[in-house]
Each structure stands twice: as structure tokens, then as C-alpha cells.
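Counting with our numbering, you get residues 6 to 119 for the letters of the sequence shown. All C-beta atoms in this analysis are idealised placements derived from N, C-alpha and C, irrespective of residue type, glycine included. Report on one structure; see the data block that follows.
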Amino acid sequence: MHELSIVRGLVDAVERRLQSATCRVLRIDLEVGSATGIVAAALRQAFEIVAGGTRAEGARLVIHDLPARCRCSKCGVVFKFSGMIGECTACGTLGGELLSGDEMIVRSMEVADV
């Protein structure tokens, strides 16, 4: 379950960004590329476990799916897909050059100074 190590890195990064020792994280918005192989439910579960005892404990983790984009190696068409591998919409070839969809981006973080 690579989601656990991903969340450890996320919580560590969040803790480093908080400037005040009294800040508490209320919400984190993530964009997760569909080609990452990250399972949203597993990511949420890992977050609950890892965030316990940190300033992110109890925070809401909002995950937005980011479709992947690929350039077909056969015909050159750029197409979007969900999942780990896509099928060219023009010629049906599987895969190609992955242009995006393998990233995880923290888009925003809502904090409260308590």
C-alpha cells in the first residue's frame, strides 16, 4: 500500500508549512492523476491514521481526480483517459507517451489559528 508512504510525506509537508504552533489544518484539497495508481479510499484511510496526533488530525481530505493525457505512439493523437493505461481515441492503440496524470498536487489547505 504505497498510499501510506505518500500520506506520510503529505503530512510532513503540511506540518512544515504551518507557521504558527497553534495552527490546525481543517481541509486539504488534492488533485490526484488517474495514472498514479493511487486509490482514493486507501489514501483517505491512510490519512486518518497518519494525521492522528498531528495538527492535521481531523482535517477533511478532498481528492479531485485528474484525468491523464497521453500522446499515441502510433498516430500521434493526444487523448485523455482515466485509469492506469489509456486507449487512443483515434486508432485504438494502448498507451503511448504519458503527458500528465502521474502527479499529485496539493491545491489548497485551509487552516485555523486556535
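Residue j beta carbon less than 8 Å from that of residue i
i          : j          : result
residue 39 : residue 73 : yes
residue 30 : residue 51 : no
residue 78 : residue 42 : no
Counted within 10 angstroms of its Cβ, other Cβ atoms place residue i as buried (16 or more) or exposed
i          : result
residue 60 : buried
residue 96 : exposed
residue 81 : exposed
residue 54 : exposed
Bridge-paired residues (DSSP) for residue i
i          : result
residue 95 : Answer is none; residue 95 lacks a bridge partner.
Where the beta strand (DSSP E) through residue i begins and ends
i           : result
residue 68  : 65-71
residue 105 : 102-105
residue 11  : No beta strand (DSSP E) contains residue 11, which is instead part of the alpha helix (DSSP H) from 7-22.
residue 85  : 83-86
Boundaries (first-last residue) of the alpha helix (DSSP H) holding residue i
i          : result
residue 48 : 45-56
residue 60 : That residue, residue 60, is in no alpha helix (DSSP H); it is neither H nor E in DSSP.
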